[in-house]
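First up is the structure itself, then whatever we jot down about it.
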Amino acid sequence: MNVSPITSWKDAAAYFTFAHSPTMIGVILTLSIVITLGVVVYTFMHENHSYIDYK
Amino acid sequence: MEHTAPTLESLHAMISMSDTVSMEIFYWFCTALMVIIHVGFLAYEMGASRLKNALASGVKNILAFAFMVPTFFFVGWWIYLSMYNGFVPDFEAGAAGLPWSENMGPNLTDNASGIFWGAFVLFAATTASILSGAVIERIRMSAFLVLSIILGSVIWILAAAWGWSPSGWLTKDWGFHDFGAAGCVHMVAGFFALGVVLNLGPRIGRFGENGEVYNIAGHSTPMSMIGLMLIVVGFFGFLGGCIIYVPGEQWTSIFGTPTTLSAISFNTLMAIAGGIIGAYLSTRQPFWMLSGAIAGIVAAAPGLDLYYPPLAFMIAMIGGGVAPLVDKFMTHKLKVDDPVGAFSVHGISGLIGIVMLGVFSGFPNVLEGAPAISFMGQLKSAIVMALLGFVPGFVLSYILAKAGVLRVPPKAEMAGLDAVEVPMKAYPESVPQSPDVVSFGKAV
């Protein structure tokens, strides 16, 4: 998979993976937000499970 | 081999790039030093926790750091760049801080965004750590994460946009000056923590039925003391990150007023000393002497670029001396359980510091139309910082408390959070982990 937004380093500016593809940036960003918030939700569920014996 | 003489243009380009790289290096190491603040908070809070909660307190601290980084990437930098006027964002100014912006990643035409973002992330993580200490041994991890994300990636950075920015409205309208972020970092986090602690309530066993105050000692005071000293070391990164390296020109404060790193060196060291001595005078107690060092730095922070060093020393002495007294008042009179004195060390010392700079004021600002630093400007700005910290902290934690998800169940608190939540023991081959007996002889 070619993820490079540049074909030459001459006059290169933003060169990070998918910098040329707003769609892919959107997908990766959304996924990372969902995972981050998902871990908080998972932590909440894990706590509820841990507290079963301490209610 | 023929050598051609460098042109004026090529020499200029070389010096300019050398300056830019030096700027990056400076903030890179400031950021690294700020990570030491979190090493300090980690040791400090684990030491201040009873053995049965030592690891859970550590996990909370580590996660606060870890969640701050991505969430600050998602929204924090955009808030800082766009919200300098109040609650209405300037979308054009904020564009470079959007998480999909070309500036928010490797970019050969932008040597500044990443390195400043990195330093600001560490300021954000500091706010979360300030909250973390106040809520040890009884808050639910998930509730803490929600609160720390809101504090670190939204609230403090909004305060920074208002009062710790070249174009923030507090400076533009009231002449607010706060070199070392006593307002947006320390006051906001300290008052936010107070709002949370009021809804969270004290640890079981902290107060008797008739209001008696019982000491709940942490399991390792030496660990806490080393942690506090590491926070003091990390402040050199924190305060370095507060000064703007302008390639080829004199340093400035974040408000654009000229200063030198030399000025900050004078006053930071004098403030550390003043804070320790102030706390020694009022407590004679090593835990508070080192907390006093932090309180001293925070109290002197607004004017570290301006003060005559012995004045910084005396202001810090007031901060370091008053913080433990305020904590005692909060504990004994108001029955507020803030195990590490986060509110007094950060919130009250920050308040003292901002108002003190108002007392010793008169310096001009450089922002067009901004008034000079004044007592009323500092006082009004301090009130804004206090409210911006306290109100969201109180309201959010109130909602979480009402939903029954703010605090761990009493039985879990009694058993200790390590046994309930952490799949390992702090000291598996030495001391028994539980039950834990505190100084008044009652198992808690």
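Those sequence lines, one after another, are chains P and D. Residue numbering for the first sequence follows the numbering used here, starting at 1 and increasing by one per position. Residue numbering for the second sequence follows the numbering used here, starting at 1001 and increasing by one per position. Yeah, the Cβ is synthetic: ideal placement off N, Cα and C, and Gly gets one too. Treat the numbers as computed from the prediction; the structure is a model and nothing was measured.
The contact set of Thr30 of chain P on chain D, defined by CB atoms closer than 9 Å, is empty, because the minimum CB distance reaches about 10 Å. Collapsing the DSSP output to three states places Phe1144 of chain D in a helix.
Between the segment 1408-1420 of chain D and the segment 1148-1162 of chain D there are fewer than three inter-stretch CB-CB distances shorter than 8 Å, so the stretches are not counted as touching. In the same chain as Leu1122 of chain D, and ignoring 5 residues on each side of it, the C-beta atoms closer than 6 Å to its own belong to Thr1031, Met1034, in chain order.
Buried is the label assigned to Ala1161 of chain D, since at least 16 other Cβ atoms lie within 10 Å of its Cβ.
Looking at the backbone, the Cα of Gly1201 of chain D and that of Arg1407 of chain D are separated by about 9 Å. Looking from the CA of Ala1193 of chain D, the closest CA among D:His1346, D:Met1141, D:Trp1117, D:Arg1203 belongs to D:His1346. Judged by their CB atoms, Gly1163 of chain D and Ser1381 of chain D are nearer to each other than the 7 Å cut-off. Contact of Phe1074 of chain D with chain P is assigned, a C-beta pair being separated by under 7 Å. Runs of the alpha helix (DSSP H) lying entirely within the segment 1298-1373 of chain D and spanning at least 4 residues, in chain order: 1309-1332, 1349-1359. About 16 Å separates the Cβ atoms of Ala1312 of chain D and Ala1279 of chain D, ruling out a contact at the 8 Å cut-off. Secondary-structure assignment with DSSP links Val1213 of chain D through a beta bridge to D:Phe1207. Following the DSSP letters along the chain, one finds Asp1090 of chain D in no alpha helix (DSSP H), marked with neither H nor E.
Under the three-state reduction of DSSP, Asn2 of chain P is assigned to coil, being neither helix nor strand. In terms of Cα proximity to Gly1105 of chain D, the closest of P:Asn48, P:Ala19, P:Leu37 is P:Ala19. The CB of Phe1067 of chain D comes closer than 9 Å to the CB of Thr36, Val39, Val40 in chain P, given here in chain order.
In this chain, the alpha helix (DSSP H) harbouring Asn1061 of chain D covers 1054-1071. Of all alpha-carbon atoms in D:Phe1375, D:Pro1222, D:Ala1093, the one lying nearest the alpha-carbon of Ile1079 of chain D is that of D:Ala1093. When secondary structure is reduced to three states using DSSP, Pro1106 of chain D falls in the coil class, being assigned neither helix nor strand. Of all residues in the segment 1082-1111 of chain D, the ones placed with a Cβ closer than 7 Å to any Cβ belonging to chain P are Pro1099, Trp1100, Glu1102, Gly1105, Pro1106, Asn1107, Leu1108, Thr1109, in chain order.
Straight across, the Cα-Cα distance linking Met1424 of chain D with Ile1254 of chain D is about 44 Å.
A contact is defined here as three or more CB-CB pairs under 8 Å, and the segment 1040-1048 of chain D fails this definition with respect to the segment 1106-1113 of chain D. In terms of beta-carbon proximity, Ile6 of chain P stays away from the interface with chain D, with every pair separated by 7 Å or more.
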